[in-house]
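Okay, so here's the structure we're looking at.
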Amino acid sequence: MNKTLTLSLFIIFELFCFQANAQKIIKLSPNETKLLANNTLWTLNATCVVQSIHPKNSKIKINILKNSGIINGKKLSTGQGTLIQVNSNSTLSVSAESGTQINLINLGTDELQAVCST
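FYI, the numbering for the sequence shown is -22 to -1, 1 to 96, going by mature numbering (1 follows the signal peptide of the UniProt record, and there is no 0).
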């Protein structure tokens, strides 16, 4: 019994540590729409660095399809959206509750890549 409990706690600890250091790369071509979802049982917080070939301004539209989240300090719920203007190496702060689904749309003319770390 004690070994089972210890093993279970170790596995849970590893899951949380793995998620804490996770990194995701999101690529968006011009006018591309991408659906993203938080399928975990907890709120995910991430910092994303946006990169592009050209340092000029680009725009990303973010629409919340389900649940809620916070983008750069702005709380958004189902049906709400925001327009974010980004340059190469811009940083975005993102928080998504469990079950949140969003649409990202690259409104610019260049491919964008966001490297997000939790």
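Using N, Cα and C, we set each Cβ at its ideal position, and we do this for glycine too. Just so it is clear, the structure is predicted and the values come from calculations on it, not from any experiment.
Alpha carbon to alpha carbon, what distance is there between residue j and residue i?
| i | j | result |
| --- | --- | --- |
| residue 83 | residue 91 | 12 angstroms |
| residue 40 | residue 49 | 9 angstroms |
| residue 99 | residue 66 | The question about residue 99 has no answer, for the chain in this structure spans -22 to 96. |
| residue 3 | residue 93 | 5 angstroms |
| residue 89 | residue 62 | 15 angstroms |
| residue 86 | residue 28 | 13 angstroms |
| residue 64 | residue 35 | 6 angstroms |
| residue 8 | residue 33 | 15 angstroms |
| residue 55 | residue 95 | 23 angstroms |
| residue 69 | residue 26 | 6 angstroms |
| residue -19 | residue 16 | Because residue -19 carries a pLDDT of 49, less than 50, the predicted location of this residue cannot be relied on, and no value is offered for it. |
| residue 44 | residue -1 | 23 angstroms |
| residue 6 | residue 53 | 23 angstroms |
| residue 60 | residue 14 | 15 angstroms |
Which residue or residues does DSSP assign as beta-bridge partners of residue i?
| i | result |
| --- | --- |
| residue 71 | 25 |
| residue 76 | BP columns for residue 76 are empty, so no partner. |
| residue 37 | 63 |
| residue 49 | 52 and 72 |
| residue 6 | 90 |
Since residue i and residue j should fall inside the 8 angstroms C-beta cutoff, what is the C-beta to C-beta distance between them, to a whole number of angstroms?
| i | j | result |
| --- | --- | --- |
| residue 81 | residue 18 | Incorrect: roughly 19 angstroms between the Cβ atoms, too far for contact. |
| residue 120 | residue 57 | Residue coverage of the chain in this structure runs from -22 to 96, which leaves residue 120 outside it and unanswerable. |
| residue 47 | residue 72 | 7 angstroms |
Please confirm if the segment 9 to 29 is in contact with the segment 76 to 94, defined as three or more CB-CB distances below 8 angstroms between the two stretches. Yes: the two stretches touch, three or more of their Cβ pairs being nearer than 8 angstroms.
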